Amino acid sequence: MPILLPKDANIKLPKMHKVQQIFEETTIHDIRAHIRHSMERREIDELLTPGKRVAIAVGSRKIDNIFLVVSQVIDLLKEKGCEPFIVPAMGSHGKGTSEGNREVLASFGITEEALGVKIKSDMDVVLVCKTENGIPVYMDKDAYEADMTILINRVKPHTDFNAPIESGLCKMAVIGLGKHIGCSVVHEKGFENFHRIIPEMAEILFRKTNIAMGIAIVENAYKKIQIMETLRTEEILRREPELLEIAKRSVARIKVPKMDILIVEELGKDISGGGMDTNVVGRYGPKANADTVPDIGKIIVLGLSDKTYGNVSGIGCADITTKKVLENIDFEATYANTLAVGDGYSTAYIPLVMDNEEEAIKVAIKMLKITDSAKCKIVKIKNTANLEEIQVSDELMEYVSLRPKDFRII
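Position one of the sequence shown corresponds to residue 3 (the working numbering), numbered consecutively onward.
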């Protein structure tokens, strides 16, 4: 039995046009020189004494030039006579397993062979203490037992809560180095409490453990590093909110304010913690009704990124997907991540599944009750992290052509 009646199955879809969105661009061009200069600051350099065993915490996010950043930090530590090693700091990502963590790092080129250091990916943790409200504070055992730990992470808006401190060094310390158990404990408290408990738990870790510094990275709208600062722990809680404000102003957005259908070519945990960044598409949590988020009728997800490894957390924010997505879901990875987060379970619900992109669009048009398909406003993006080049349908071309500061027709 066909899904669509002939009158719906035979509708003509509007033509799509390639468009370049224009954003402000500030970029650090010489990453190695910048890191060296930043880490040679006296307050940082004095911490790097010979013989120290140094854990370098690296997360699961796809950050611009992350391999280059990590390799340069390792080189500098070795020059100082330190003994660096890498610790995955990604909470429940990578299926919450040692092997999964290594696979995620390897997808960024971060391997023992490439960097000449050990990767200690055991999931064992140490209970550092409890907060005043009884929340256990955990830290990766290998990092805890080192002489010093360095955090490397991007500062950016989180997908599920608003606060002065969202995603960044503090969250990596609390959730990333907390491994699967620490991640679960924090998420059980709900995103509505993150604004309070993440800074509180980070302050405890900075005070009671060997976390000595963090390298904070802010990307521009083109996903290139525009700011990179090496901060001692006593500077992080003050500086991270300032960097977050810069990051929020720099985030790439879809500059079309209203559309009937948004087509997303790929979803993935390496793209955003929510699979699709709610700062771009809304749909869930406090970002859903933000002024910077477009009015979107239906969302279609066509595929998965290679580096999400079947984890489709966030697929529930879509209305329609394809059999290609369904056939590549790793339910174990997806549900482990979703249950560890402990909130927003519906973001893992599977939407309507269609054979292909064309059928998905026609179903979306039917769902929206659009009678003239030629006037359907459609935007197509690669993913929510790559918004420089998009496609728009015929009906949106007038809007685009009247705004040369925001768009360039390709």
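Here a beta-carbon is modelled for each residue, glycine too, at the ideal position from N, C-alpha and C. Keep in mind the model is a prediction, meaning the values are calculated, not measured.
9 Å Cβ cutoff, residue i in contact with chain C
| i | result |
| --- | --- |
| L398 | Judged by its chain identifiers, the structure shown contains no chain C, having just a single protein chain. |
Integer Cβ distance of residue i from residue j, believed to fall under 8 Å
| i | j | result |
| --- | --- | --- |
| V188 | I177 | 5 Å |
| L306 | G312 | 7 Å |
| G287 | T280 | 6 Å |
| I383 | E267 | 7 Å |
| E74 | R34 | Per the sequence shown, the amino acid found at residue 74 is Gln instead of Glu. Yes, they are in contact, since the Cβ atoms of Q74 and R34 sit about 5 Å apart, within 8 Å. |
| M369 | T324 | Not quite, the Cβ-Cβ distance comes to about 16 Å (not below 8 Å), so this is no contact. |
Own chain partners of residue i with C-beta closer than 7 Å, once the 5 adjacent residues on each side are dropped
| i | result |
| --- | --- |
| M399 | H19 |
| K289 | T161, T280, N281, V295 |
| V119 | I76, P86, F87, I88 |
Cβ pair residue i, residue j closer than 9 Å
| i | j | result |
| --- | --- | --- |
| N385 | M278 | yes |
| Y318 | S348 | Rather than Tyr, the amino acid found at residue 318 in this sequence is Gly. Against a cut-off of 9 Å, the Cβ pair of S348 and G318 comes out as a contact. |
| I392 | I273 | no |
| L179 | A59 | yes |
| G61 | D162 | no |
| T232 | I248 | no |
| L79 | E85 | yes |
| V56 | M150 | yes |
| E397 | P16 | yes |
| G184 | Y146 | no |
| G93 | H182 | yes |
| K225 | I30 | no |
| E27 | A223 | yes |
| P52 | G98 | no |
| S315 | A350 | yes |
| A91 | M174 | yes |
| I219 | D66 | yes |
| K364 | L6 | yes |
Cβ-based neighbour list, residue i, same chain, cut-off 8 Å, excluding 5 preceding and 5 following
| i | result |
| --- | --- |
| K143 | D124, D126, V127, V128 |
| E221 | I65, D66, R156, K158, I227, Q228, A249, S252 |
Inter-residue Cα distance where the pair is residue i and residue j
| i | j | result |
| --- | --- | --- |
| P201 | L404 | 45 Å |
| S100 | V343 | 19 Å |
| N212 | K377 | 60 Å |
| G111 | I152 | 19 Å |
| K158 | V283 | 16 Å |
| V394 | S375 | 14 Å |
| D321 | K407 | 32 Å |
| I229 | L171 | 14 Å |
| L49 | R410 | 49 Å |
| L117 | R63 | 19 Å |
| I121 | L107 | 9 Å |
| A148 | K54 | 8 Å |
| E334 | T113 | 25 Å |
| E390 | L341 | 34 Å |
| E105 | I137 | 30 Å |
| I352 | E190 | 23 Å |
| H197 | I13 | 48 Å |
Same chain, Cβ closer than 6 Å to residue i, neighbours up to 5 away in sequence not counted
| i | result |
| --- | --- |
| P166 | P243 |
| L70 | I33 |
| I372 | C378 |
| G102 | G96 |
| L354 | I322 |
| I380 | I263, S395 |
key: At least three beta-carbon pairs within less than 8 Å, the segment 219-238 to the segment 262-269   = no
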